[in-house]
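A.B. asks:
Residue numbers (the numbering used here): 14 to 481.
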């Protein structure tokens, strides 16, 4: 039998309400993703050529846009810190909720470990040192800022993200006069099926490039994790996540066209610092040096914001009993300290492997599984609970979420095409996580149904606001 929630239990597990408006939430969404514009995505051009990568990027842009529109509806109807876990639990019950939460947790726990390795490389480039001390320092500093309180953390996040956005927009303005469309197609066609000047590596290249195209948008789906801290979740979360997605589509278009059109597709497809290399080719070394420094801000922005995301997900899963309940305790600042620190320790240990590319591949596997389950949740909620209050409705309804579902499954197979090892390692994590649920936490859930959990949370919030 599941234990019943009580008010004392929930009173110790409350986040600070009313901290974030829609603009701050949009900034959070951009912050999650912005490091992806600086590097990583461009290796997809090496896999598919510019035209093949452009096709992959359009497909992934459609996948994320349709997913975001689906999440906007569900987050307005179910505004809790669990995000995709909460939506899936209401649509598919405890098992579906847990597996969705586990998929998101794999993504959000491994992505910071990968990013901190890339931060270490950037620090080495700028200051000449790298290694575990750098990784530990960044985890300590930025988890420490989060422990100071959500309002303070989100404001710091906005400033860092702003610097990264300035770098991207400044690079675009500087390069636009040097753009030459002929440079987009300087990779010679191979003998692969469907190969052409536009797609030199054929359709297989497009398939293998899908995970790299995801890097332009990966983690934007984390905005609903801030729902319990939003000023008006029903309005602010949909506006925030859609606003972030529109801006990210704009920045993705800028970097995909301009960098290859200045540097050449072949060169940009193998570049570790594509913005910097493009500026150097265009004869702007001073700006290139500045952008190299600001690229570190982009990495830090994503690192910082994804730590926020995993803490809210762990908080929600723990509060519901899926994970050890001690992880959801909040301090006097209404910050889930243990949910910040414990996954941070695991992330730091993972970073010691130094295999950032492998962890990114595993994060993408977790992400695509969660996207499929969240899109399915939208369809099931529309079918099973048509009476559910929906302050925002997804344009196109289940057709929109159906597109997200199909494309997320296609993207999942693309990870296997590029890196089977990442696929298999992530599958092993799912098996371990599933075993934990079925053998232990399944019978220790705090509420029998999602409706009971949400009603008790609402009552606990009401009780706290009426206390003298």
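Beta carbons: idealized from backbone N, C-alpha and C, even for Gly.
For residue 389, which of 418, 405, 398 has the nearest alpha-carbon?
C.D. replies: 418
A.B. asks: Please name the residue in 252, 354, 113 whose C-alpha comes closest to that of residue 404.
C.D. replies: Relative to the Cα of residue 404, the nearest Cα in the group 252, 354, 113 belongs to 252.
A.B. asks: DSSP three-state label for residue 161, please.
C.D. replies: coil
A.B. asks: Under 8 Å, with one C-beta from each stretch per pair, do the region 229-237 and the region 40-59 reach the 3-pair mark?
C.D. replies: yes
A.B. asks: Along the chain, which unbroken stretches of the alpha helix (DSSP H) at least 4 residues long are found entirely within the region 277-312?
C.D. replies: 278-281, 287-294
A.B. asks: Who are the Cβ neighbours of residue 336 in its own chain at under 6 Å, not counting the five residues just before and after it?
C.D. replies: 330
A.B. asks: CA-CA distance, residue 450 and residue 275?
C.D. replies: 51 Å
A.B. asks: So residue 65 and residue 222 are supposed to be a Cβ contact under 8 Å. How far apart are they, rounded?
C.D. replies: Sure, about 6 Å apart at Cβ, within 8 Å.
A.B. asks: Compare the beta carbon distance of residue 374 and residue 224 with 8 Å and say whether it is the shorter of the two.
C.D. replies: Contact: yes.
A.B. asks: So, with DSSP's three-state summary, where would you put residue 243?
C.D. replies: In this structure, residue 243 counts as strand in the three-state DSSP scheme.
A.B. asks: When you compare only the Cα positions, how much space is there between residue 91 and residue 39?
C.D. replies: 19 Å
A.B. asks: Indicate the three-state DSSP secondary structure (helix, strand or coil) for residue 234 in the structure shown.
C.D. replies: helix
A.B. asks: In chain order, what residues of the same chain have a beta carbon less than 7 Å from the beta carbon of residue 58, not counting five sequence neighbours either side?
C.D. replies: 66, 273, 278, 281, 282
A.B. asks: Could you check what DSSP says for residue 398 in three-state terms: helix, strand or coil?
C.D. replies: coil
A.B. asks: Note the first and the last residue of the continuous alpha helix (DSSP H) segment covering residue 102.
C.D. replies: 97-140
A.B. asks: So, residue 381 versus residue 326, is the Cβ gap smaller than 8 Å?
C.D. replies: no
A.B. asks: Could you pull out every unbroken alpha helix (DSSP H) segment of at least 4 residues lying fully inside the region 179-211, listed in chain order?
C.D. replies: Those alpha helix (DSSP H) runs which fall completely within the region 179-211 and span 4+ residues do not exist here.
A.B. asks: Residues in its own chain within less than 8 Å of residue 411 by CB, not counting five upstream and five downstream?
C.D. replies: Excluding positions up to five away in sequence, the list reads 391, 392, 395, 396.
A.B. asks: By Cβ distance below 6 Å, which residues in the same chain neighbour residue 308 in space, the five residues on each side in sequence not counted?
C.D. replies: 51
A.B. asks: Distance, Cα to Cα, residue 196 vs residue 208?
C.D. replies: 18 Å
A.B. asks: Can at least three beta-carbon pairs, one atom from the region 111-125 and one from the region 351-366, be found at a separation below 8 Å?
C.D. replies: yes
A.B. asks: What is the DSSP secondary structure of residue 346, counted as helix, strand or coil?
C.D. replies: coil
A.B. asks: By the three-class DSSP mapping on this structure, what secondary structure does residue 143 have?
C.D. replies: Looking at residue 143 - three-state DSSP - the assignment turns out to be coil, as it is neither helix nor strand.
A.B. asks: If you check the beta carbons only, do residue 238 and residue 96 fall under 8 Å apart?
C.D. replies: yes
A.B. asks: State the DSSP-derived secondary structure class of residue 405, mapped to helix, strand or coil.
C.D. replies: coil
A.B. asks: State the start and end residues of the unbroken alpha helix (DSSP H) segment that holds residue 333.
C.D. replies: That residue, residue 333, is in no alpha helix (DSSP H); it is neither H nor E in DSSP.
A.B. asks: Using only CA atoms, which one of 289, 402, 118 lies nearest to residue 439?
C.D. replies: 118
A.B. asks: Given this structure, state the Cα-to-Cα distance separating residue 366 from residue 156, to the nearest angstrom.
C.D. replies: Going from the Cα of residue 366 to the Cα of residue 156 covers about 21 Å.
A.B. asks: Mind checking residue 70: buried by the 16 CB within 10 Å criterion, or exposed?
C.D. replies: buried
A.B. asks: Could you spell out where the alpha helix (DSSP H) holding residue 224 opens and where it closes?
C.D. replies: 215-227
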